[in-house]
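Written below as structure tokens is the structure these notes are about.
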Amino acid sequence: MTVKLAVLASGRGSNFHSIVREIEDGTLDAVIEILISDRPDAAALKRAEEHGIETRHIPYDKNNRRAFEEKAGDLIEEKGCDLVILAGFMRLLTPYLVGRFEGRILNIHPALLPAFKGLDAQRQALEYGVKITGCTVHVVTEDMDAGPIVAQRAVPVLDDDTEESLSARILEEEHKLYPEAIRIHGKKRM
Ligand code: GAR
């Protein structure tokens, strides 16, 4: 059965785009009902429009996070989405939205959780000196980068890696991992 997705993105949207590609080439049985961004200038919005996907910018006020989450939540429900996909969405969700879609929100993080939670995970990995890092898709809970893991991929850290080169190598794997995780988790949720 086709999984209905809502995607939340704040930035360039390359993970969002990798999901769109797999849907378009028939390897992921899903449909993106809506792309929501907290930033009016997010490249993800433009990418969505290019693919005929409905978009919505909802302004984000960090002193009133509930307002964003209520609007986003209503829209996601109205569209009948099975899963909410955080794809480079750089805001922490409050217990309100997490509770409203409990077990149905996924996030991608550029490290092998539970290592290197939070911002700049690739830099954290380099600074620590690990030889292997990677990416993780997990179910979103109230705690940051901490919910049940759906899927992971490992990526080697090379001696001459910079933050940029390591991030690019991880990103390549993220693009394969997210569609795979949606396939795995979507089946469980339907
Ligand atoms: C990705 O590397 C994603 O893992 C990361 O932001 C980037 C978004 O790229 N997310 C986080 O660090 C969340 N903690 P994209 O906009 O091209 O998909």
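Heads up: the sequence shown is residues 1000 to 1189, going by this note's numbering. Cβ atoms here follow ideal geometry from the backbone N, Cα and C, with glycine treated the same way. Since we're looking at a predicted model, the values are computed, not measured.
Taking 7 Å as the limit between beta carbons, can you name the residues of its chain near residue i, skipping five residues before and five after?
i     : result
C1080 : K1003, L1004, A1005, E1032
I1148 : L1112, T1135, H1137
Y1095 : R1065, E1068
D1160 : L1125
L1091 : M1143
K1070 : I1057
Does the distance from the C-beta atom of residue i to that of residue j stay below 8 Å?
i     : j     : result
V1083 : T1140 : no
A1008 : A1041 : yes
A1153 : L1105 : no
I1018 : L1034 : no
M1089 : G1010 : yes
How long is the line joining the alpha carbons of residue i and residue j, rounded to whole angstroms?
i     : j     : result
R1046 : H1016 : 7 Å
R1212 : G1087 : An answer regarding residue 1212 cannot be provided, because it is not within the stretch 1000 to 1189 covered by the chain.
A1043 : T1054 : 9 Å
E1126 : S1013 : 25 Å
F1115 : A1124 : 7 Å
G1130 : L1157 : Sequence check: residue 1130 is Lys here, not Gly. Their backbone Cα atoms lie some 7 Å apart in a straight line.
L1165 : A1120 : 10 Å
G1128 : E1077 : 46 Å
G1146 : R1103 : 11 Å
D1037 : N1063 : 13 Å
G1072 : G1185 : 19 Å
T1093 : E1048 : 28 Å
R1188 : L1085 : 17 Å
P1039 : H1050 : 18 Å
H1174 : A1167 : 11 Å
R1020 : I1107 : 17 Å
P1155 : K1061 : 36 Å
Looking only at its own chain, which residues have a Cβ that is under 8 Å from the Cβ of residue i, when we skip the five neighbours before and after it?
i     : result
A1150 : T1135, V1136, L1176, E1179, A1180, I1183
T1001 : D1028, A1029, V1030
F1100 : G1072, I1075, V1083
L1118 : none
Cutting at 6 Å between CB atoms, please list the residues of its own chain near residue i, excluding the five before and the five after it.
i     : result
F1067 : I1057, Y1059
If contacts are defined as beta-carbon pairs under 8 Å, then residue i and residue j qualify, I think. What distance do you get, rounded to the angstrom?
i     : j     : result
E1172 : G1133 : 7 Å
P1109 : I1169 : 5 Å
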